[in-house]
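One structure below.
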Amino acid sequence: MKIAEKHVVRFHYTLKNTADQTLESSDKDQPIAYLFGHNNIIPGLEKAMLGKTAGEQFSVTIPPEEAYGPRTENATQRVSIKHLQGAKKWKPGMVAIIDTDQGRRQATVVKIGKFMADVDFNHPLAGKTLKFDVEIVEVREATQEELEHGHAHGDGGHQH
Ligand code: ZN
1 MKIAEKHVVR FHYTLKNTAD QTLESSDKDQ PIAYLFGHNN IIPGLEKAML
51 GKTAGEQFSV TIPPEEAYGP RTENATQRVS IKHLQGAKKW KPGMVAIIDT
101 DQGRRQATVV KIGKFMADVD FNHPLAGKTL KFDVEIVEVR EATQEELEHG
151 HAHGDGGHQH
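Numbering-wise (our numbering), the sequence shown opens with residue 1 and increments by one.
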């Protein structure tokens, strides 16, 4: 079965930067599951998935425009430290979760003071060319419910 619209894909991945350092990877016992064609993964990876079958392995290099977009200048804001979620002590370079008017966002701590922090609202991977090593584990037809929800259910997918 080939990856196409209305299919759920389970896959393993390793994400590397252009210096070949691993940034993140899937849990080796738990491939992630996603519903193709619903913007659940970055566009460049979605494109590379099309037509692949279970058991296939491939590598793809994705420019920022097809990944997390270019970096925006002047995306730094000063916020109260108590609004940073995800750790107790903060250091520059750490990624915090912040609830904003536009919803929940990730931000990178640039500078930390006693009460206030300067954070950069660019996605941590914005402006980066990314390399994915991918192994397709399973391809199956999506259920009606998954299509209605716009995401995959079950192992490696959305748990309700
Ligand atoms: Zn659902």
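Where is the CB? At the ideal position from N, CA and C, for every residue including glycine.
request  = Output the distance between the C-alpha atoms of residue 78 and residue 38, rounded to the nearest integer angstrom.
outcome  = 34 Å
message = Would you say the beta carbon of residue 12 is closer than 7 Å to some non-hydrogen atom of the ligand ZN?
response = no
ask   = Bridge partners of residue 103, per DSSP?
value = 100
ask   = Considering only residues of the segment 18 to 103, which uninterrupted alpha helix (DSSP H) runs meet the minimum length of 4 residues and lie entirely inside it, listed in chain order?
value = 43 to 49
inquiry  = Any residue with its Cβ nearer than 7 Å to a heavy atom of the ligand ZN should be included. What is that list in chain order?
reply    = 145, 146, 149, 151, 153, 158, 160
ask   = Roughly how many angstroms lie between the CA atoms of residue 74 and residue 149, to the nearest whole one?
value = 36 Å
inquiry  = Quick check on this structure: which residue in 60, 54, 130 has the alpha carbon closest to the alpha carbon of residue 47?
reply    = 60
task = Would you identify the three-state DSSP class for residue 147, choosing helix, strand or coil?
result = helix
request  = Apply the 10 Å Cβ neighbour rule to residue 141 and answer buried if 16 or more other Cβ atoms are within range, or exposed otherwise.
outcome  = exposed
task = Could you check how far apart the C-beta atoms of residue 92 and residue 111 are, in whole angstroms? I think they sit under 8 Å.
result = 6 Å
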